[in-house]
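Peer 1:
Protein chains: 2
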Amino acid sequence: MDLTAFIRDVPDFPEPGIVFKDITPLLGNAVAFAQAIDALAEPFVDAQISAVAGIDARGFLVGVAAAQRLGVGFLPIRKAGKLPSDTHQVSYELEYGSDAVEIHVDACGTGDRILIVDDVLATGGTLAAAAECVSMTGAAPIGLAVLIELRFLAGRNRLPNVDFHTVIEVV
Amino acid sequence: MDLTAFIRDVPDFPEPGIVFKDITPLLGNAVAFAQAIDALAEPFVDAQISAVAGIDARGFLVGVAAAQRLGVGFLPIRKAGKLPSDTHQVSYELEYGSDAVEIHVDACGTGDRILIVDDVLATGGTLAAAAECVSMTGAAPIGLAVLIELRFLAGRNRLPNVDFHTVIEVV
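Read top to bottom, the protein sequences are chains A and B. First residue of the first sequence: 1494, per the working numbering; consecutive thereafter. First residue of the second sequence: 1494, per the working numbering; consecutive thereafter.
(1) Which class does B/L1520 belong to by DSSP, given the choice of helix, strand or coil?
(2) Is the CB of A/F1506 under 7 Å away from at least one CB in chain B?
(3) Short of 7 Å in beta carbon distance, which residues of its chain neighbour B/L1643, apart from the five on each side in sequence? Order them along the chain.
(4) If you measure from the beta carbon of B/P1577 to each beta carbon in chain A, is any gap under 7 Å?
(5) What residues of chain A sit near B/V1557, judged by a beta carbon separation below 7 Å?
(6) Using the Cα positions of B/E1508 and A/G1574, report the straight-line distance between them to the nearest angstrom.
(7) A/V1639 touches chain B at which residues, Cβ-Cβ below 8 Å?
(8) Which residue or residues does DSSP assign as beta-bridge partners of A/G1566?
(9) DSSP puts B/S1591 in a beta bridge; with which residues?
(10) Please confirm whether A/G1510 and B/G1521 have their CB atoms less than 7 Å apart.
(11) Quick one: measure Cβ to Cβ for A/L1652 and A/L1637, integer angstroms, because I've assumed they're closer than 8 Å.
(12) Kindly indicate if chain B contains any beta-carbon less than 7 Å away from that of A/G1564.
(13) Below 9 Å on C-beta distance, what does B/P1569 contact in chain A?
(14) For B/G1604, which option in B/Y1589, B/V1627, B/G1618, B/E1588 has the closest C-alpha, if you only look at C-alpha atoms?
(15) Tell me whether A/E1625 sits in a helix, a strand or coil according to DSSP, three-state version.
(16) Can you give me the Cβ contacts of A/E1586 inside the same chain, cut-off strictly under 8 Å, excluding the 5 residues immediately before and after it?
(17) Check the Cβ-Cβ distances between B/A1523 and every residue of chain A, and say whether any is below 7 Å.
(18) Straight-line CA distance for B/K1572 to B/D1592?
(19) Is A/G1556 buried or exposed, if buried means 16 or more other CB atoms sit within 10 Å of its CB?
Printed below as a string of structure tokens:
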């Protein structure tokens, strides 16, 4: 099954000139979504993953499915102010301004091997910050996986030196 | 397994006087989370569900897992401005001010039977608005399910007259 047929291009979202990769058609098709999650998780089946971390909010969708596929727990990495308990926070630069992500300090810890997932890799800032969050708990971010990689943005170059895997590449 | 042991009370979040029900310990335990999702989905196994709708953002976590459990697709209901394509929008009142949720107009349609899920039922405003969103597509919101119901807020009284199911009741 060609998974790219389930990714919808939405022009000028969230702002003029940006073509947004909409994964809702993929999510809506149980067979296609299962195939995508199998492909995303496959390289990590024997990697002794302790938990899957997903990034707020679309990374939650991919992350929970990947955690179930791998038979492990899920932990959320969220925008600042959303997690209720004590957190580690990492800020990162945007084109204009900055943003921050957080992880619960007790979400994972020393000895844990964490797979971090998101829907799309664009410039890589969020995913790199998420990996730094995981490291601050003492756990090891041993892999990064996304459904869609926007190769033309070269976000891969900003990622930490861990196993990176993508299901669909947009050149 | 007692699932309530995996729900953490966080006092004074998101504001003073509120005790927040934190589901992250439940999400982090694969066995407990699977048990919770089995319990949430069980009444709907033979209900010919077409898709599960989950509400942004913690409802995504519960919703994707429930969709996989039921073998159907998932569709997101999001805060205003987050969905990239054409949407129906429903506003609802908060204690101070109002909020709104949206659904893609093509997320579902006539003949579809939709189970709507969220993590917590509080006052019921969001879940009722989500059900109205689903109805605007022509689909039928045939069930509502949450992990945790805060009975003392009586949100159940604000819900439309469809099958409602909760896994954990807080009295």
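Ideal Cβ placement from N, Cα and C applies to all residues, glycine included. Remember, it's a predicted structure, so these values are computed and weren't measured experimentally.
Peer 2: The structure says:
(1) helix
(2) yes
(3) V1613, L1614, A1615, V1663
(4) Answer yes: the Cβ-Cβ gap between B/P1577 and chain A drops below 7 Å somewhere.
(5) L1554, V1557, A1558
(6) 11 Å
(7) Neighbours of A/V1639 on chain B: none; closest Cβ ~16 Å, over 8 Å.
(8) A/A1544
(9) B/E1586
(10) Going by C-beta atoms, A/G1510 is not nearer than 7 Å to B/G1521.
(11) 6 Å
(12) yes
(13) At a beta-carbon threshold of 9 Å, the residues of chain A lying near B/P1569 are T1517, L1520, A1550, R1551, L1554, ordered along the chain.
(14) B/V1627
(15) helix
(16) G1618
(17) Yes, because at least one Cβ of chain A sits closer than 7 Å to the Cβ of B/A1523.
(18) 8 Å
(19) buried
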